[in-house]
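Same order as they appear, the protein sequences are chains A, B, C and D. According to our numbering, the stretch in the first sequence is residues 1 to 317, in order. According to our numbering, the stretch in the second sequence is residues 1001 to 1348, in order. According to our numbering, the stretch in the third sequence is residues 2001 to 2344, in order. According to our numbering, the stretch in the fourth sequence is residues 3001 to 3518, in order. Below is one structure, written out as structure tokens; the observations come after it.
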Amino acid sequence: MANDRFLRPALLFTSINDNLPTFMLSLFVTLIMVTGGIDIQVSSLVGLTSITIGVAWQDFGLPIWGAVGLAFVLVTLCGALSGFLIAYCRVQAMVVTLGGSFLFSGMALLVSTLSKTESYLGISGFPEDFRFVGTYDVGGVIPIQIFIYALMLVVAFILLHKTKYGRKIFLTGVNQSAAEYSGINTRRVIMSTYILSAIAAAIAGTVTTAYLGTSRSDLGGDLTMDIITAVVLGGTLSTGGKGSIVGTALASFLIAFLRFGLPLCFKISTQYLDIPVGILLVAVIVGRSAAGVGGFGPWLRSLLPGKGSDKARSVSK
Amino acid sequence: GGGGGDAEEPAGDDAAEGGSVEGLTVAFIPKVTGNAFFESANDGAQEYAGKWGMTVDYIGDAEASVTAQVSVINQAVANGADAICISTVDASGVSDALKEAAAAGVVVATWDSDANPEDRTLMVSQGTPDILADMLIEMSVAGLEQRGIDPANDPVTYVWHYSQATVTDQNSWYEAAQAKIAEQYPNWENVHENYYSNQDAELAITTGEAILDAFPEIDLIICNDSTALPGQLQAAENRGLTQDDITITGFASPQSVKAYCENGTIYNWGLWDCAVQGAMGCYCAAYIAAGNTVKVGDTISIPEIGDVTVEANDSIAEGVETAEENNGVVLLPERLIFTSENMNDYNF
Amino acid sequence: MQIVKKLLHARGLTSLLFLIALFVIVGIINPSFLSPSNIAACFNTSVVYTLVAVGMAFTLFTGNLDVSIGSNLGLVAAVVGSMLRDGQPLMLAVLVGLLIGAVIGLVNAWGVAVMGAPALIFTLGVNGILRGIMYVYTNGAWVENLPKEFKDFSSVTAVGDLTVYYCVTILAVVGIHFLLTRTRRGRYFQAVGDNDQGATLVGLPTLQTKVLAYVICGVMAAIAGIIFASRIGFVTPQSGDGYEMKAIAACVLGGVSLLGGVGTVLGSAIGAVIMASISYLLVFMGFSSNYDNAITGVILIVIVVADALIQHRSMVKNRRARLMARVSQDDAADAGAEKGGDAK
Amino acid sequence: MANEPSKIAQEAQPQVSKKKDVLLSVRDIHKSFGTNHVLKGISLDLRPGEVLALIGGNGAGKSTLMKIVMGIYGPDSGEVYIDNEKVDVSNPKVALEHSIYMVPQEPMLFPNMTVRENVTIGFNARQADLDRELMEVMDQIGWHLDPDRKASTLSIAEQGMVEILRGMMRHSEVLILDEPTSALTFDEVNALFRVIEGLREKNIGIIYITHRLAEVFQIATSVSILRDGIVTMQGSTKDFTREDLVKGLLPPNAGSVKEAAAAQKREIDYTAKPVLELQNFSGYGFADVNLKVYPGEIVGLAGVIGAGRTEMATTIFGRDKVLGGKVLLDGKDITGLSTTAVIGEGVNYVPEDRFRDGLFRIRDVEENTTSALLAHGLGKFILGRKEAERVSQHYVDNFRTKVTGLTQEVGGLSGGNQQKIVIGRAFATNPRLVILDEPTRGIDAAARGDVYAVLQQLRETGVSILLISSDMEEVVELADRALTMFQGRINGEFVGDQITQDNLMSASFGVTGEARSA
Ligand SMILES: Nc1ncnc2c1ncn2[C@@H]1O[C@H](COP(=O)(O)OP(=O)(O)OP(=O)(O)O)[C@@H](O)[C@H]1O
Ligand SMILES: Nc1ncnc2c1ncn2[C@@H]1O[C@H](COP(=O)(O)OP(=O)(O)OP(=O)(O)O)[C@@H](O)[C@H]1O
Ligand SMILES: [Mg+2]
Ligand SMILES: [Mg+2]
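Pasting the structure below:
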């Protein structure tokens, strides 16, 4: 190993910790992408959550958990709005959520102007019992938010793979019309996935705010690309109908370790990381497509995350 | 100039106790990579580091976000840096990460944009918001005067154009300058809330043109952002305006604005020697990491650059305590105002 | 009546109406906006967006997309900029720039059309790689001090207050529009996007068409990069960041479907004007820049939602009208009623 | 035609002499999909002026063979000769260049293009000439589609017509028609046959795939039967009887499936309360429909394409707005309920366009079969996998669906098997009434027999069936009572012996019983 520090558990946790918003969001964006949609607004909802918590707590005088509740309600409504427009007004998801990413980051900024604290400062000084959710280390080693993530992972997994709701998500993604004829309320299913991803954004925003101890409107920044990368790398079909939570989780870990490990092991400067990560993405995706048309044989397929090899075969255009 | 000269104690004593910076590694963390300001600072730091025999690792993220920066800090610690010299995106956001770094035995120093004073040792500051606000006003006044406008009595309309409402330093200069203008030049009228161009060069031009079209009579545009200033100048050039029609000033590197000065679009603009600032920051961080202790009033003599004095924290932020030792502020001695006269003397 | 109906169905035209409505609203809020020079400014500002949006439209037509154009644009701007700064001849620099764009297009085409990788993800990866290469190439520094003549050309006007760049661009777009709609090969792009298996079956050069779309998109982004460098006068390592999303938004505003097969380049050019001039218009509306993002979002959402609803309603109405026409008017349906009418 | 008509040719004919007049021949074609060995050495010849009927059960590999000829799939081994020259048909372009054209089984139109563009795209001639020719072809064949209509607005049958028009315009030397008539009505089929006749006279070779044995004798000059991956019979049509073909199609040991299906009609209690009652039911595409379906009854609803039957069914099923009237299920008003609710009340529907509205192609057999159960069954929140598997297995067994397992993706099944899956879904919800919309379209005789048997068996349990079909033969065979719809209105009702193809046909065209003599 080029750098044995990389193997220290605390460091592993740190690297996970720093990427947690991406991890959390990609889980529920998987549901959306399985329905055939896409969500490029969730990252802006992270900032909206954070600043709402800060402003509501500091300037509206709400108790901290009341502020968190308010943020959850607001963000869920934002998700519901986009979900509604996509599901019921039949607007392409990419466009609505692109608009949403502008709108909600703009809203976050406007919320920040309601505060007596200038938007550039960030609201800090949160009470300990709030910061707990971002800073407490279970057993002194494992950050508590990893448990929160694990819980979200389990919930997402069960929802998508074990419930009727999850089955409806898959069917809606494959053929919405056929799903409708099967009596599935596809509009409701689609809308609900955007709400779920907004709720995930609210959780991620809360945890990040607690972790950093500061409430800012621009938190979450530009996670979009990482999220989508993780979801698709994890085996979700970008046209919908196939995908797996475990695949997404593994892919997001892989990206995180690359981003954290490469600079550590090979002293690659962070700003150049886009190159190896991009190459990985391109290589995996091409490899998978090649395997799909029978180019590399089954062994390669079996290496890939996602469902078994028999499923990968039919992932054709 | 800021703090210079009068040393009460020769720095040599401390340096002898501790050690030299040779062989140490400093992680030099900008707010964002790919920005002319930070890249110049890195160039400076690398250049001096070579002379001092220490290593400067320039690591940062292409995105100016707290989350990304926290990740970079953790990475620096994991990498085994002896010290960190950082320009923070958000002081409270990186607070925990810096505390953890310190707990892991990594010396934390800051430059350009400060952390919470208790989270770091030394801060190499380009000046307080007040100093920089004064500088912006001074440049504006000079620009207006050379057009024959009396800044003290003539009605002056102006507006601000910089990067974002969420960046710390630019907003703090804006706040300070607004207060001073209201006090010193009540005849100046800010015609609109600030314009932001998100460090997007094309947006800077579009916004710049819109400002000029929507307020054709405007006298002064202050662009305290290194992308907004050239963008605004290009917009003025596109509209055929020169330094005799409108005063545009702000902060940007001499290279990026030189052409607009040559063709008469801008009269003056400013910056500080960020190359030296970066180098100083890294040196101070390494200096303490080498085992030296400094107190307020001590002098650190930086080879090739000169002697600097450690001042109390409240010299840049009011009412902030300063710890017994290894805590304080070093002011960058020199801020620069560029005009056609001197702009060719600098190559950053 | 028939003509009016047809015009309303020309989706590019409804985006033009949106644009006019936007101008009128701004004009009502701030009458001083309504001057030829200000309106021209909106168009001039949009030249880079127009180029990338038209390029993007090609890939969207074929049912793919290209999110690498942002970095493509930036890289070409940096390379061309630095060559010019170092005194290389303009023609050579432009040639190199176009070549880079074409090569990037080919790489994307290889991944997506030949290897069958999902377009969004493949081009996303390429985008990252290109951005990284750009950092390596520029060493993170700005490319500054481009030659004065190169920069100054960006403000030369041709027709009224419209710049040469915009006029040439829009003429080219109109030309492309006619090629696409009036020539046999032009229709292939949308046919492939509409049903690529069907296109293969009737013998259309499916692969070749997809490759061509990516190369065109890459070259358009390269041209946009060169004009970007000329307009701005300096190139930062972040140049072009986020343009891919704006280009997609512009296309959608102009009525191009992300599902392939639908839309016109004229529409996407108009969408580009809307996207590019929002910031400009906001200044005239007197909003604080704090509202920029929120209002951009609202405009984008309102336009696409309104459009989707209008389209959907007209589709449903047509379908229902057609169905109703089949139903005979009275029970005593005359015996030998023409059966041909059924199919209509 | 064939030089030595052999009734049972176990393998391909021994090395056909390479006469000049063979347009197309395939030799020893093998093709597997994964472990599914579909074609095990197929050889065929096509001569000018020959209409070769290619028949075989669902999944026999007819479409696969034709796709290999077209260059859509590559064969695992074997050769394709065109005009006696070996050709490597690597993609459809090569086939088209050699003047081969295939009208695919499932229409592959450009949904956002007009009918005109759909037909004329890919030609090199001037657009004006093409337009004129298109008009001529449409006149000749007697179909009139508005050339400016967008393909996405076409019904499945109209899409099929556009595909055939494309084929006519191609002037190919070899024309492959893969089940062209499955969505067409009697009249349209006849029009098509006239055209095929014309082409045959022009010495064009035609491969005609169908499941309707009657058509074989009507149009084909020779016939080949595909079974278990090999050609089991081939020769001139005149040398075969219908029974020969049926025998050739069935597995050697199978009893007569037809027999089982043709169970005698049951007595229906017409005094009982109707399961379904429509009262002056109106919607888009139909008006003032009054009809009753009694318990255990199969009511046939015949008509020509565009008569409004599908619209009526989908409106009952909650897919479109009701304009007037009532739908009563067991006396309960279910007018205007959502699809989910309608399924919950005990109605299910088998859509006519199985690709658009029926199948989840990239999901497996189990998921497809149980999709309609999700609304009200299979557990409260957590999915009842066991139950889902049991139900799916039940329908796979009952319908003798040819699948490798419940986890096979349905996209890879043959058309007939896909249809069985969709029908299985409708019955899986234990409905009171199932509306079947063209249920046996594209289904082979054996499978059709299976489906008929299943329908008979199901109604024994009291399920009522509203059978929408353009196949009059099917209505005659199955229906206890038959209605016809013409231009959106019910215009005839037939009971018992009155249900004849003749009666249904004329009523479907708007000629009522009394007026028919005219
Ligand atoms: N947003 C959500 N979060 C968690 N669970 C959900 C969500 N939406 C739906 N569910 C669960 O999934 C199941 C199916 O929900 P869905 O809304 O798709 O049902 P439906 O078929 O439309 O309605 P019905 O229950 O009438 O059949 C329900 O058990 C519901 O509790
Ligand atoms: N793309 C594919 N992938 C996997 N299996 C396939 C594919 N296409 C066809 N098959 C399989 O090959 C076999 C033959 O299918 P084919 O469509 O050729 O049958 P067919 O004779 O045309 O039947 P039908 O009369 O129902 O149309 C079937 O078992 C089917 O499952
Ligand atoms: Mg077939
Ligand atoms: Mg029908």
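Here a beta-carbon is modelled for each residue, glycine too, at the ideal position from N, C-alpha and C. Since we're looking at a predicted model, the values are computed, not measured.
Check: Val3038/D C-beta below 7 Å from any heavy atom of ligand 2: Taking the first residue of the fourth sequence as position 1, residue 3038/D is located at position 38. Flag set: Cβ of Val3038/D near ligand 2.
Spatial neighbours of Pro2147/C in its chain, beta-carbon cut-off 6 Å, leaving aside the 5 residues before and after: Along the third sequence, read from residue 1 onward, the residue named residue 2147/C stands at position 147. Correct list, in chain order: Leu2084.
Contact belief for Leu3329/D with Leu3276/D at Cβ below 8 Å, rounded distance in angstroms: By 1-based counting over the fourth sequence, the position of residue 3329/D is 329. By 1-based counting over the fourth sequence, the position of residue 3276/D is 276. Correct: roughly 6 Å between the Cβ atoms.
Buried or exposed (CB count within 10 angstroms, at least 16 for buried), Asp3437/D: On the fourth sequence, residue 3437/D is found 437 positions in, with the first residue counted as 1. Counting Cβ neighbours within 10 Å, Asp3437/D comes out buried, since at least 16 surround it.
contact_flag[the stretch 2268-2277 of chain C, the stretch 2251-2260 of chain C] where n(CB pairs < 8 Å) is 3 or more: yes
Met3138/D versus Thr3120/D, Val3115/D, Leu3165/D and Phe3286/D, residue with shortest Cα-Cα distance: Taking the first residue of the fourth sequence as position 1, residue 3138/D is located at position 138. For Met3138/D, the nearest C-alpha among the options comes from Leu3165/D.
Cα-Cα separation between Leu3337/D and Phe2284/C, rounded to whole angstroms: Taking the first residue of the fourth sequence as position 1, residue 3337/D is located at position 337. Taking the first residue of the third sequence as position 1, residue 2284/C is located at position 284. Their backbone Cα atoms lie some 51 Å apart in a straight line.
Element boundaries [beta strand (DSSP E), containing Val3162/D]: Taking the first residue of the fourth sequence as position 1, residue 3162/D is located at position 162. Careful: Val3162/D lies outside any beta strand (DSSP E), inside the alpha helix (DSSP H) at Ile3156 to Met3169.
C-alpha distance - Gln271/A paired with Ala1062/B, whole-angstrom precision: Numbered from 1 along the first sequence, position 271 holds the residue referred to as residue 271/A. Numbered from 1 along the second sequence, position 62 holds the residue referred to as residue 1062/B. Answer to the nearest angstrom: the Cα atoms are 6 Å apart.
Beta-carbon contacts of Tyr1260/B that lie in its chain and below 6 Å, excluding the five residues immediately before and after: Taking the second sequence and counting its residues from 1, the one referred to as residue 1260/B is at position 260. Cβ neighbours of Tyr1260/B beyond the five flanking positions: Leu1233 and Ile1266.
As assigned by DSSP and simplified to three states, the class of Ala1312/B: Reading the second sequence from its first residue, position 312 is the one you call residue 1312/B. Residue state, collapsed to three classes: coil.
Delimiting residues of the alpha helix (DSSP H) encompassing Glu2941/D: This structure cannot settle anything about residue 2941/D, because the visible part of chain D is limited to 3001 through 3518.
Meets three-Cβ-pair contact criterion under 8 Å: the stretch 126-136 of chain A and the stretch 73-83 of chain A: Short answer: they don't touch.
Under 8 Å from the C-beta of Val2202/C: neighbouring residues of chain D: One-based indexing of the third sequence puts residue 2202/C at position 202. In chain order: Pro3092, Leu3096, Ile3121, Gly3122 and Arg3166.
Proximal residues of chain A, C-beta to C-beta of Phe2122/C below 9 Å: Here residue 2122/C refers to the residue found at position 122 when the third sequence is read from its first residue. Correct list: Leu281, Val282, Ile285, Val286 and Ser289.
CA nearest to the CA of Gly1093/B, picked from Asn1326/B, Gln1075/B and Gln1069/B: Start at 1 with the first residue of the second sequence, and residue 1093/B comes out as number 93. Ranking the options by Cα distance to Gly1093/B, first place goes to Gln1069/B.
Those residues, in chain order, that have a beta-carbon closer than 5 Å to some heavy atom of ligand 2: Taking each Cβ in turn, the ones that pass are Phe3033/D, Val3038/D, Asn3058/D, Gly3059/D, Ala3060/D, Gly3061/D, Lys3062/D, Ser3063/D, Thr3064/D, Gly3412/D, Leu3413/D, Ser3414/D, Gly3415/D and Gly3416/D.
Assigned exposure category for Ile3465/D - 16 Cβ within 10 Å defines buried: Position 465 of the fourth sequence holds residue 3465/D. Looking at its Cβ environment, which holds 16 or more other Cβ atoms inside 10 Å, Ile3465/D is buried.
Residue closest to Val3231/D, alpha-carbon to alpha-carbon, out of Val3410/D, Gly3061/D and Thr3210/D: By one-based count along the fourth sequence, residue 3231/D stands at place 231. The option with the nearest alpha carbon to Val3231/D is Gly3061/D.
Unbroken stretches of the alpha helix (DSSP H), 4 residues or longer, contained in the stretch 198-248 of chain A: 224-233
Proximity of Ala1128/B and Arg1120/B at Cβ, strictly below 8 Å: Locating residue 1128/B in the second sequence gives position 128, counting from the first residue. Locating residue 1120/B in the second sequence gives position 120, counting from the first residue. According to the sequence displayed, residue 1128/B carries Thr and not Ala. Result no, Cβ atoms of Thr1128/B and Arg1120/B do not sit closer than 8 Å.
Other residues of its chain near Thr3315/D: CB distance less than 7 Å, five sequence neighbours each side excluded: Counting from 1 along the fourth sequence, the entry for residue 3315/D is found at position 315. Cβ neighbours of Thr3315/D beyond the five flanking positions: Gly3283 and Val3322.
Proximity below 8 Å, CB of Ile3207/D to CB of Ile3176/D: Here residue 3207/D refers to the residue found at position 207 when the fourth sequence is read from its first residue. Here residue 3176/D refers to the residue found at position 176 when the fourth sequence is read from its first residue. In contact: Ile3207/D and Ile3176/D (Cβ atoms closer than 8 Å).
Opening and closing residue of the alpha helix (DSSP H) in which Leu2098/C lies: Taking the third sequence and counting its residues from 1, one reaches residue 2098/C at position 98. Here the alpha helix (DSSP H) through Leu2098/C covers Leu2090 to Ala2109.
Three-state class that DSSP yields for Leu3455/D in the structure shown: Here residue 3455/D refers to the residue found at position 455 when the fourth sequence is read from its first residue. Reduced to three states, the DSSP call for Leu3455/D is helix.
Interface partners of Leu171/A on chain D, CB under 9 Å: Position 171 of the first sequence, counted from the start, is the residue given in the question as residue 171/A. Those within 9 Å of Leu171/A in chain D are Phe3360, Arg3363, Glu3367, Asn3368, Ser3371 and Leu3374.
Environment of Glu128/A [buried if 16+ CB atoms lie within 10 Å]: To locate residue 128/A, count along the first sequence from 1; it is residue 128. Looking at its Cβ environment, which holds fewer than 16 other Cβ atoms inside 10 Å, Glu128/A is exposed.
Through-space distance from Val3476/D to Thr3500/D, alpha-carbon basis: Position 500 of the fourth sequence, counted from the first residue, corresponds to residue 3500/D. Position 476 of the fourth sequence, counted from the first residue, corresponds to residue 3476/D. C-alpha separation (whole angstroms): 6 Å.
Under 7 Å from the C-beta of Ala2308/C: neighbouring residues of chain D: Along the third sequence, one-based indexing puts residue 2308/C at 308. Those do not exist, as Ala2308/C stays about 15 Å from chain D at its closest Cβ, beyond 7 Å.
Cβ contact (3+ pairs, closer than 8 Å) linking the stretch 2187-2206 of chain C and the stretch 3110-3123 of chain D: Flag = yes, the stretch 2187-2206 of chain C and the stretch 3110-3123 of chain D touch.
Rounded separation between Glu1334/B and Gln1277/B - CA only: Within the second sequence, numbered from 1, the residue matching residue 1334/B stands at position 334. Within the second sequence, numbered from 1, the residue matching residue 1277/B stands at position 277. For Glu1334/B and Gln1277/B, the distance between alpha carbons rounds to 9 Å.
Limits of the beta strand (DSSP E) - the one that Tyr1158/B falls within: Taking the second sequence and counting its residues from 1, one reaches residue 1158/B at position 158. That run of the beta strand (DSSP E) goes Val1156 to Tyr1162.
Backbone CA spacing between Thr2045/C and Lys2151/C [nearest angstrom]: Within the third sequence, numbered from 1, the residue matching residue 2045/C stands at position 45. Within the third sequence, numbered from 1, the residue matching residue 2151/C stands at position 151. Spanning the alpha carbons of Thr2045/C and Lys2151/C requires a straight line of approximately 15 Å.
Assigned exposure category for Asp3088/D - 16 Cβ within 10 Å defines buried: Residue numbering aside, residue 3088/D sits at position 88 when the fourth sequence is read from its first letter. Exposed, since its Cβ has fewer than 16 Cβ neighbours within 10 Å.
Residue environment, Val3289/D, which counts as buried when at least 16 other CB atoms sit within 10 Å: For the purposes of this step, residue 3289/D is taken as the residue at position 289 of the fourth sequence. The residue is buried, with at least 16 neighbouring Cβ atoms inside 10 Å.
Inter-residue Cα distance where the pair is Asn1268/B and Asn1171/B: The residue given as residue 1268/B occupies position 268 in the second sequence. The residue given as residue 1171/B occupies position 171 in the second sequence. Going from the Cα of Asn1268/B to the Cα of Asn1171/B covers about 21 Å.
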